[in-house]
Amino acid sequence: MRPRAIVLLSGGLDSTTCLAWAQARYECIALSFMYGQRSTTELDAARALTQRAGVEHRVINIDLGNLGGSALTDHNIDVPDHEQAGIPITYVPARNTIFLSYALAAAEVFDATAIVIGINAVDYSGYPDCRPEFIDAFERMARLATKVGVEGKPLKFETPLLHLSKANIIRLGLEHGVDYSQTVSCYQADDQGRACGTCDSCRLRKQGFADAEVADPTRYVPQ
9 MRPRAIVLLS GGLDSTTCLA WAQARYECIA LSFMYGQRST TELDAARALT QRAGVEHRVI
69 NIDLGNLGGS ALTDHNIDVP DHEQAGIPIT YVPARNTIFL SYALAAAEVF DATAIVIGIN
129 AVDYSGYPDC RPEFIDAFER MARLATKVGV EGKPLKFETP LLHLSKANII RLGLEHGVDY
189 SQTVSCYQAD DQGRACGTCD SCRLRKQGFA DAEVADPTRY VPQ
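All residue numbers for the sequence shown refer to my numbering, where the first residue is 9 and numbers rise by one.
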C-alpha cells in the first residue's frame, strides 16, 4: 500500500496542482474548509475535482467570518483591485495555522504520514503564513503536539510549490494532467465561478499563464 497524505484543497490553481502532485506519490484525502469566505464557488470546484479524481474529500466548517478582519471574510471590506504594500487586507488572520491544525488531527485519525499544502514563497502576496519559516516552525510544533510525533513517527510536511513561480506551478500541474479550467482562484468569484480579473489572486494567475506561454482557460466576468 502507498503511504497516505492529507492534502489541503481550496479548489484553486495552487492547491489543485498540489493534489495532482500528491496523487502520484500518496493515497490522498483532500481537506477543504467552509470558513466564511466571500466566495464559496472554489469549494464547488474542489468537490468536482475530487469526485473526478476519485479522491476522498472532507469539508470542515469553521466560522472565521464571525471574526472578520479580512476582505475575504468581511463583506464590509472591499477586495482591492490593485497591489498593496505590506500585508494585504485579503490576508485572513491565522488561516493557514488553523487549517494545518485541522490537517494534523486528520492525519492522526486517518493514519496519514504526510500533509501537503500549496504555500508559495515566490508569489505569496505578502502573507506571513506562506513562508518557509512558518512551515518549519509548525513542523517543529507538530512533533511536540501529536501522538505520532511523541512516538517518533513525525508527520512529513510536503510543500512542492514553495519555491516555484506561478508559471512553473502551472507547468508542473500540466505535467500531472491538471485541467485549470476547472479551478477557481478568484477572491470574489461570482455564483457561476467566474473570476473578477482584478483581485490580487486573479492578477497573479493571469500573469502566470502569460509567463508560462499557456492559454488562460479562466472564465472571467464580462467587463
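All residues carry an ideal CB built from backbone N, CA and C; glycine is no exception. Note that the coordinates shown come from a computational prediction; the quantities given were computed from them, not determined experimentally.
Could you check the C-alpha separation between residue i and residue j for me, to the nearest Å?
{"i": "Phe146", "j": "Ala223", "result": "37 Å"}
{"i": "His83", "j": "Val158", "result": "42 Å"}
{"i": "Gly78", "j": "Met9", "result": "It should be noted that the sequence gives Ser, not Gly, for residue 78. Their backbone Cα atoms lie some 42 Å apart in a straight line."}
{"i": "Ile178", "j": "His184", "result": "10 Å"}
{"i": "Arg211", "j": "Gly160", "result": "43 Å"}
With burial defined as no fewer than 16 other Cβ atoms inside 10 Å of the residue's Cβ, what is the status of residue i: buried or exposed?
{"i": "Ile95", "result": "exposed"}
{"i": "Pro225", "result": "exposed"}
{"i": "Asp22", "result": "buried"}
Put residue i into one of helix, strand or coil per three-state DSSP.
{"i": "Ser40", "result": "strand"}
{"i": "Leu180", "result": "helix"}
{"i": "Val192", "result": "coil"}
{"i": "Ile106", "result": "helix"}
{"i": "Ala114", "result": "helix"}
{"i": "Ala197", "result": "coil"}
{"i": "Ala203", "result": "strand"}
List the DSSP bridge partners of residue i.
{"i": "Arg66", "result": "Leu39"}
{"i": "Arg12", "result": "Glu35"}
{"i": "Lys164", "result": "Ala122"}
{"i": "Tyr99", "result": "DSSP output for Tyr99 lists no bridge partner at all."}
CB residue i to CB residue j, shorter than 8 Å?
{"i": "Tyr135", "j": "Leu39", "result": "no"}
{"i": "Ala150", "j": "Gly216", "result": "no"}
{"i": "Val186", "j": "Thr81", "result": "no"}
{"i": "Arg66", "j": "Tyr34", "result": "no"}
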